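Protein chains in written order, with the numbering used here: chain H, 28 to 219; chain Y, 28 to 219.
Ideal placement from N, C-alpha and C gives every residue a C-beta, glycine not left out.
Keep in mind it's a predicted model, so treat the numbers as computed, not measured.
Read through the structure below, which is laid out as structure tokens, and then see the notes.
There are 2 protein chains.
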Amino acid sequence: MSVQERKERERADRERLIVATARELAEQQGWDAVTTRRLAECIEYSQPVLYSHFHGKREIIGAVALDGATEMAAALRAAASAANGPRARVTALARAYLDFAARNPAVYDAMFQLDGGLAFAKADTPEPLKDAFAALLETLGEVAGDGVHPGLFTELFWAALHGLATLTRAGRLPPEDTERRTELLVDRLAVV
Amino acid sequence: MSVQERKERERADRERLIVATARELAEQQGWDAVTTRRLAECIEYSQPVLYSHFHGKREIIGAVALDGATEMAAALRAAASAANGPRARVTALARAYLDFAARNPAVYDAMFQLDGGLAFAKADTPEPLKDAFAALLETLGEVAGDGVHPGLFTELFWAALHGLATLTRAGRLPPEDTERRTELLVDRLAVV
DNA sequence: CTCGCTTGTCTAGCGATGCTAGGATCACCT
DNA sequence: AGGTGATCCTAGCATCGCTAGACAAGCGAG
Chain H
28 MSVQERKERE RADRERLIVA TARELAEQQG WDAVTTRRLA ECIEYSQPVL YSHFHGKREI
88 IGAVALDGAT EMAAALRAAA SAANGPRARV TALARAYLDF AARNPAVYDA MFQLDGGLAF
148 AKADTPEPLK DAFAALLETL GEVAGDGVHP GLFTELFWAA LHGLATLTRA GRLPPEDTER
208 RTELLVDRLA VV
Chain Y
28 MSVQERKERE RADRERLIVA TARELAEQQG WDAVTTRRLA ECIEYSQPVL YSHFHGKREI
88 IGAVALDGAT EMAAALRAAA SAANGPRARV TALARAYLDF AARNPAVYDA MFQLDGGLAF
148 AKADTPEPLK DAFAALLETL GEVAGDGVHP GLFTELFWAA LHGLATLTRA GRLPPEDTER
208 RTELLVDRLA VV
């Protein structure tokens with residue numbers, strides 16, 4: 028029994044290594060540089076080993092996305108709980124979201140830009156993704172305003188944040204005005 | 028002289044054919060299906076011909092994006108001018124934007140999701156892109172509110188629309204609530 | 001009308017990609 | 001100690017974007 032357990036543990040370790048390495052590689056050189064060959068070489072195994080853990084590159088991206096979602100949820104909750112009052116909480120949340128996207132562009136891409144083969148807004152949505160949305164909902168729900176469904180409001184606020192994050196990083200929006208845009212967003216959308 | 032003119036005309040025609048075919052192919056089967064080989068076969072020429080018109084696949088995507096920007100600008104202006112009053116104009120604009128993105132997903136991707144090698148928010152930004160932003164600004168500028176820079180407000184509104192468009196199409200947001208989100212967006216952001 | 005030349009096009013191929021089949025090797029249990 | 005089963009790697013397939021070099025077609029000059 029102990030032998031089998033050890034093997035399973037080693038397998039799980041290696042799987043974590045694959046995901047961590049893929050994330051690191053993507054963060055340093057972009058997802059284009061994350062080829063199965065390079066990734067295999069980095070973890071000092073051959074290509075087919077990757078396919079014994081994941082069905083394909085998509086699933087690896089998906090795994091990075093799930094890790095990222097867990098991290099983002101924690102970052103959002105930490106930022107919100109450190110602020111006092113609904114208004115300050117929402118501002119802190121928005122800043123934390125944009126900050127996470129800016130600091131972890133590859134992870135953010137894995138979550139929302141690339142195809143990681145993940146389901147969304149459905150019953151079989153993975154837990155970390157639902158939890159990240161829940162983290163948004165916790166803070167945003169209280170500023171949705173009367174008669175406005177909290178979930179719908181959160182979706183809208185999230186979409187705005189997502190748009191700001193992606194357009195800024197793609198060079199579509201001048202980065203120096205990020206703070207002003209964030210404040211304007213909170214001012215207008217949140218009912219305090 | 029006439030011979031040379033004819034050749035140039037034929038070359039321009041073929042270039043338009045390439046862009047139109049790439050767009051059509053992308054719209055029907057997705058950008059992944061737009062390979063240089065398939066594209067070459069569709070226009071009934073060999074691969075290298077593509078490279079005598081464009082420096083690479085990126086430039087072809089960029090050309091589709093520019094076409095799309097021109098179209099989108101026209102669609103936005105048409106929608107806005109058909110509505111009466113600032114509030115109705117903004118609503119019509121938002122609907123037209125989301126509608127364009129939903130009806131032309133491949134073109135929208137070329138404009139904002141894929142790398143078409145285009146410059147943004149800079150001096151050398153191509154005219155169609157600046158014009159599309161200008162089309163947004165024309166309608167949104169009048170509802171920015173006192174003391175709020177119209178450009179900044181337009182950037183924020185645009186980001187929100189972009190977020191809604193991309194998240195909806197990626198299956199991250201339930202499509203059936205699009206209209207309600209749009210109304211909420213206009214209600215909150217626009218000062219009328 | 002014919003000949004050389006430029007211009008334009010295609011065939012063939014390079015390196016790299018995601019992914020997989022099949023053989024070899026190693027560790028385990030009897 | 002030896003058979004057995006899991007584990008891993010070598011080698012290869014089809015396809016990708018892109019390019020070099022051969023080939024042909026059409027032009028202007030004599």
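Whose Cβ in chain Y lies nearer than 8 Å to the Cβ of residue i?
| i | result |
| --- | --- |
| Val46 (chain H) | In chain order: nothing, as chain Y lies at least about 22 Å away. |
Just curious, the alpha helix (DSSP H) that residue i is in, first and last residue?
| i | result |
| --- | --- |
| Tyr124 (chain H) | 113-130 |
| Gly95 (chain H) | 84-108 |
| His176 (chain Y) | It is not in any alpha helix (DSSP H) - His176 (chain Y) carries neither H nor E in the DSSP assignment. |
| Phe160 (chain Y) | 154-167 |
| Thr63 (chain H) | 63-69 |
| Glu214 (chain Y) | Before going further, note that residue 214 (chain Y) is Asp rather than Glu in the sequence given. 205-216 is the span of the alpha helix (DSSP H), which, as asked, contains Asp214 (chain Y). |
Using the beta-carbon of each residue, which ones in chain H are nearer than 8 Å to residue i?
| i | result |
| --- | --- |
| Phe180 (chain Y) | Leu211 |
| Leu216 (chain Y) | Arg215, Leu216 |
Quick one: what does DSSP say residue i is sitting in, helix, strand or coil?
| i | result |
| --- | --- |
| Pro75 (chain Y) | helix |
| Asp151 (chain Y) | coil |
| Phe139 (chain Y) | helix |
| Val219 (chain H) | coil |
| Arg36 (chain Y) | helix |
| Arg43 (chain Y) | helix |
| Leu200 (chain H) | coil |
| Ala146 (chain H) | coil |
| Gln31 (chain H) | helix |
| Gly57 (chain Y) | coil |
| Phe184 (chain Y) | helix |
Given that residue i touches chain Y, what residues does it touch there, using C-beta distances under 7 Å?
| i | result |
| --- | --- |
| Ala148 (chain H) | Gly198, Arg199, Leu200, Pro201 |
Give the residues of chain H in contact with residue i, contact being defined as C-beta atoms less than 7 Å apart.
| i | result |
| --- | --- |
| Val175 (chain Y) | Leu211 |
| Arg19 (chain Y) | The structure shown has nothing for residue 19 (chain Y), since chain Y only spans 28 to 219. |
| Leu183 (chain Y) | Arg208, Leu211, Leu212 |
| Leu141 (chain Y) | Per Cβ cutoff of 7 Å: no residues; Leu141 (chain Y) is ~10 Å from chain H at best. |
| Asp204 (chain Y) | Leu179 |
Self-check item: Short-range partners of chain Y found in the stretch 187-200 of chain H, where Cβ spacing is below 9 Å
Solution: Ala187, Leu188, His189, Gly190, Leu191, Ala192, Thr193, Leu194, Thr195, Ala197, Gly198, Arg199, Leu200
Practice problem: Could you please tell me which residues of the stretch 147-170 of chain Y, in chain order, have their CB closer than 7 Å to any CB of chain H? | Solution: Phe147, Ala148
Quiz prompt | Contact residues within the stretch 111-133 of chain H, judged by C-beta distance below 8 Å to chain Y | solution = none
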